[in-house]
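Protein chains in written order, with the UniProt record's numbering: chain P, 1 to 374; chain G, 1 to 374. Each residue gets a CB set at the ideal place from its N, CA and C atoms; glycine is no exception. Computed from a predicted structure; not experimentally measured. Below you'll find the structure, written out as structure tokens, and then a few comments.
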Amino acid sequence: MSFFQPKQSRAAQKQAVDIQHQPWVEKYRPKTIDDVSAQEHTVAVLRKTLTSTNLPHMLFYGPPGTGKTSTILALARQLFGPDNFRSRVLELNASDERGISIVREKIKNFARQTPRAQAVASDGKTYPCPPYKIIILDEADSMTQDAQAALRRIMELYARITRFCLVCNYVTRIIEPLASRCSKFRFKPLDPASTSARLAQIASAENVPVTPETVDALISTSQGDLRRAITYLQSASRLALASTPPTDITPRDIQEIAGVVPDGVIEDFAVALGIERVHGDGMDVDVDDSGRVKAKGFEGVKRKVKGVIREGYSASQLISQLHDHVVAHPTLTPRQKTRCALAFAEADKALCDGADEELWILEVALRIHRAMNS
Amino acid sequence: MSLWVDKYRPRSLDDLHYHHGLSARLKALAASGDFPHMLFYGPSGAGKKTRIAGTLLELFGKGAEKLKIDQRVFLTPTKRKLDVNIVQSNYHIEITPSEVGNYDRVVIQEILKEIAQTQQVDLNAKQRFKVVVIHEADALTRDAQAALRRTMEKYMSNMRLILCANSTSKLIAPIRSRCLLMRVAAPNAEEMQTVLDYVAKREGFAIPGDTVKLIAEDSEGNLRKAILVLEALKMQNPDLSARDLSIAKPDWETYCHKVADMIVQEQTPARVMEVRAKLYELLSHCIPPTVVLKTIAEKVVEQVDEALKADIMHWAAIYVRALPSVLSLRGAARIEARMRVGNKKIFHLEAWVVKVMSLYKNFFFDIDMDGFDD
Ligand SMILES: Nc1ncnc2c1ncn2[C@@H]1O[C@H](COP(=O)(O)OP(=O)(O)OP(=O)(O)O)[C@@H](O)[C@H]1O
Ligand SMILES: Nc1ncnc2c1ncn2[C@@H]1O[C@H](COP(=O)(O)OP(=O)(O)OP(=O)(O)O)[C@@H](O)[C@H]1O
Ligand SMILES: Nc1ncnc2c1ncn2[C@@H]1O[C@H](COP(=O)(O)OP(=O)(O)OP(=O)(O)O)[C@@H](O)[C@H]1O
Ligand SMILES: [Mg+2]
Ligand SMILES: [Mg+2]
Ligand SMILES: [Mg+2]
């Protein structure tokens with residue numbers, strides 16, 4: 001090792017220590033656009049830009065954990081290589097100040113600098129290094145309307161030397177004039193097959209045994225969000241290894257980590273509201289003469305609600321699982337299901353707006369109770 | 001002399017009296033060297049903070065208990081100065097967003113970036129990272145939450161977050177999916193009794209069995225409340241026999257109950273005005289409107305016919321939702337909304353009162369009419 005590069009070697013050393021305890025989402029973040037799973041269409045289009053010197057302004061949108069940030073970072077790295085990355089790419093996300101004044105100063109200043117000629121790549125590879133810079137505005141949906149408006153002119157003025165890539169979850173929060181200046185790429189929630197393939201790859205690289213049932217639990221709890229699936233897998237494997245003696249990961253482990261309410265709790269809650277039991281026999285059920293479940297009165301429902309609240313489960317999680325339970329229920333009438341569904345929808349909205357959880361679980365419970373008993 | 005809740009707060013994970021499985025998992029994680037971002041959630045007084053402190057002790061040793069309070073000045077984007085008290089040890093730092101108000105994003109980002117840039121200087125430190133504890137994380141503005149997303153990924157090598165919240169519903173999904181979730185359920189009645197008996201034993205007395213039960217029931221899973229009540233009762237009446245024992249309610253609660261009685265006793269415009277005066281009184285003592293509504297509703301429901309109970313709670317849920325949540329707004333909009341809410345919340349409470357009165361009246365009216373029909 002030559003002493004000309006002390007800085008770099010120290011950095012390398014630090015990296016080596018880090019890598020062992022790095023979160024897997026970072027460790028297995030796609031390094032090139034070809035590593036990106038599932039987003040075939042986007043990748044196909046972007047691959048072409050690697051060989052041409054042209055790149056449109058872009059708008060990436062889609063739900064969390066589908067590869068948006070990874071894709072643009074990988075593309076930028078492949079275009080410019082590690083040495084030019086700093087001078088050619090400006091990444092700003094929601095943690096950075098991005099009010100209108102920053103747009104006018106920092107972004108504008110960066111946008112109007114003429115890109116410097118390509119430096120020789122220190123890692124011996126050659127990079128296309130096209131004659132423009134990229135400004136990545138990650139999590140752009142959290143920028144104010146004013147700040148977005150200020151970008152309009154900047155995007156046009158410096159289009160020759162600067163490309164913008166806006167990344168967001170909610171495309172409707174990007175003002176129309178900005179959206180219309182960009183090519184749009186939609187990132188889809190990951191399909192089960194891609195999720196499962198990626199998880200298998202990571203599990204084998206980390207020597208973590210996973211059963212198909214565990215993978216299924218990961219797929220169903222993460223709902224197309226690969227970041228969540230990977231994080232859950234890592235958390236579960238940490239806990240499994242940390243327990244003495246080390247155990248295997250079970251689907252229930254995954255659910256607990258994901259904050260999923262156990263099926264038994266949901267079922268018992270439903271039964272207390274007068275919904276017929278579906279699986280096995282639980283405790284705590286009053287049956288009337290004809291063998292039907294006897295529904296509890298107001299007091300009974302209220303006590304049950306206080307009980308689940310004390311267990312600390314999240315209200316929105318509880319309501320979404322209760323919804324699934326009711327919708328899939330074999331004997332409820334369509335009319336009953338519809339009445340419940342309405343209650344769920346209203347509660348979901350109210351909780352999103354920050355309404356009181358206990359009152360709204362009680363509200364849902366009472367409405368289901370009424371739907372079952374009328 | 002400190003209160004019993006503090007005096008007998010368990011310091012280490014080993015000293016905790018309940019949820020032993022959870023403690024074992026926390027210990028194992030702390031020992032593994034592979035510590036994730038964490039989110040502790042559960043009802044108030046369930047023991048979240050106690051477990052977080054125990055985990056920090058496990059991670060860093062005694063040094064984590066040596067706290068100092070620093071006065072820090074932060075600059076808002078509008079160049080206003082913000083004084084914030086910050087509790088920290090050499091290994092961790094604690095923030096409570098409600099103390100920072102609408103500029104929580106700025107303060108938290110500044111603190112996180114500062115920590116991320118400074119390496120652990122203490123060579124004897126057991127961990128390479130520092131921990132940032134955010135209490136009441138469900139009170140973080142959306143803005144602050146959005147800002148955490150990339151930060152949590154980027155600064156993983158020398159910073160870990162521990163979030164503490166009553167519920168996960170108010171945290172955005174991308175944050176939840178970056179954390180290992182730790183649910184802390186409220187202790188059940190027996191667990192509460194064990195702790196109460198333990199505190200009593202350390203103070204050199206025994207609690208009569210009935211009294212323990214009474215306290216455990218009254219505090220509804222809130223251990224802090226239970227221990228505070230025990231201490232207060234012991235002072236008022238040293239032999240603690242259950243016979244002549246009554247657990248004093250806080251003033252505002254008694255006041256709410258009085259309002260409930262007023263609603264049930266008489267339903268006239270004049271009574272509405274009287275109730276309104278009382279509501280004003282409660283709000284001006286900074287009792288949150290949601291709590292006021294909930295407490296009154298529960299008391300009213302105790303005194304009315306079964307057929308009315310569900311309706312009254314339904315309207316409580318509806319009007320609680322109308323109390324606009326300030327969470328989803330940011331910056332100036334949020335301050336403005338607060339002021340608006342300040343003026344309007346009384347209307348919603350009052351509307352609910354009128355609704356309940358008319359339900360109540362109609363109910364008896366209908367019964368009378370039915371009587372005529374026969
Ligand atoms: N399509 C994908 N292919 C491979 N890995 C992925 C993909 N999507 C997500 N991941 C994994 O999840 C992690 C997070 O992905 P990324 O940061 O790209 O998500 P995002 O779409 O930007 O999400 P957010 O909207 O929350 O910012 C990556 O580090 C990677 O490990
Ligand atoms: N009437 C038109 N005739 C020819 N080309 C047009 C016309 N309108 C728009 N275009 C094309 O669309 C591009 C954008 O147009 P222009 O910048 O004038 O839009 P604008 O009305 O200013 O939009 P914005 O409100 O988003 O700023 C032009 O460069 C041109 O190629
Ligand atoms: N396992 C335990 N054994 C004995 N006492 C406990 C235990 N856990 C908590 N306590 C007692 O309960 C009190 C409340 O706990 P703590 O402050 O941790 O609750 P919390 O969940 O953080 O509540 P909040 O959400 O209201 O802040 C503590 O002061 C402590 O005395
Ligand atoms: Mg992203
Ligand atoms: Mg124009
Ligand atoms: Mg606490």
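Residue contact check for L190/P against chain G: no CB pair falls below 8 Å.
Among the residues facing chain G, D356/P is included, as its CB has a counterpart in that chain under 8 Å away.
At least one C-beta of chain P is nearer than 8 Å to the C-beta of L181/G. Annotation for M159/G: the continuous beta strand (DSSP E) segment containing it runs M159 to A165.
With a cut-off of 8 Å on Cβ pairs, the stretch 197–205 of chain P is not in contact with the stretch 157–172 of chain P, counting fewer than three such pairs. Distance from the CA of L226/P to the CA of K213/G, rounded to the nearest whole angstrom, comes to 48 Å. Within the UniProt domain "AAA+ ATPase" (54–191) of chain P, the residues whose Cβ lies closer than 7 Å to some Cβ of chain G are P64, G65, N93, A94, S95, E97, G99, D138, E139 and S142, listed in chain order. Residue contact with chain G for R252/P: absent (no Cβ-Cβ distance below 8 Å to any residue of chain G). Taking the Cβ of L16/G as the reference point, at least one heavy atom of ligand 3 falls within a distance shorter than 7 Å. In terms of side-chain proximity, the C-beta atom of S180/P is found nearer than 7 Å to a non-hydrogen atom of ligand 2. When C-beta distances to chain G are compared with 9 Å, the residues of the stretch 296–318 of chain P below that value are G297, F298, E299, V301, K302, K306, I309, R310, E311, G312, Y313, S314, A315, S316 and Q317, in chain order. At a Cβ-Cβ threshold of 8 Å, E350/G and V301/G do not count as neighbours.
Judged by DSSP secondary structure, L359/P falls outside any beta strand (DSSP E) and instead within the alpha helix (DSSP H) spanning E357 to M372. Taking a Cβ-Cβ threshold of 7 Å, the residues of chain G close to R228/P are S177, in chain order.
Taking the C-beta atoms as reference points, L92/P is found nearer than 8 Å to L137/P. The beta carbon of I95/G lies closer than 6 Å to those of I134 in the same chain, with the five residues before and after it left out.
By the Cβ-count criterion, K302/P is buried, with 16 or more other Cβ atoms from all chains shown falling within 10 Å of its own Cβ.
Per DSSP, reduced to three states, the secondary structure at D70/G is strand. For S316/P against S169/G, the beta-carbon gap comes to about 4 Å, under 8 Å, which counts as contact. In the displayed model, Q223/P falls within coil according to three-state DSSP, outside both helix and strand. Between N90/G and I69/G, the beta carbon gap of about 14 Å keeps them out of contact (Cβ cut-off 8 Å). Contiguous alpha helix (DSSP H) elements confined to the stretch 176–260 of chain P occur at 176–179, 192–205, 212–222, 226–242 and 251–257, taking only those with 4 or more residues. For P289/G, no CB of chain P lies under 8 Å from its own CB, so it is not counted at the interface with that chain.
Residue-level contact by beta carbon fails for S196/P and chain G, as no gap is shorter than 8 Å. Between I296/G and V259/G, the beta carbon gap of about 5 Å places them in contact (Cβ cut-off 8 Å).
Remark: three or more beta-carbon pairs, one from each stretch, lie closer than 8 Å, so the stretch 36–52 of chain G and the stretch 186–206 of chain G are flagged as touching.
Using a 10 angstroms sphere on the CB of Q234/P, the tally of other CB atoms reaches 16 or more, which defines it as buried.
Close to chain G, meaning a Cβ-Cβ distance shorter than 7 Å, are the following residues of the stretch 210–236 of chain P: D225, R227, R228, T231 and S235.
In this model, E220/G and M192/G are separated by some 10 Å (Cα to Cα). For a cut-off of 8 Å, the C-beta gap from H348/G to Y319/G is around 5 Å, short enough to register as a contact. Taking the Cβ atoms as the reference, A94/P lies roughly 4 Å from E139/P, within the contact range of under 8 Å.
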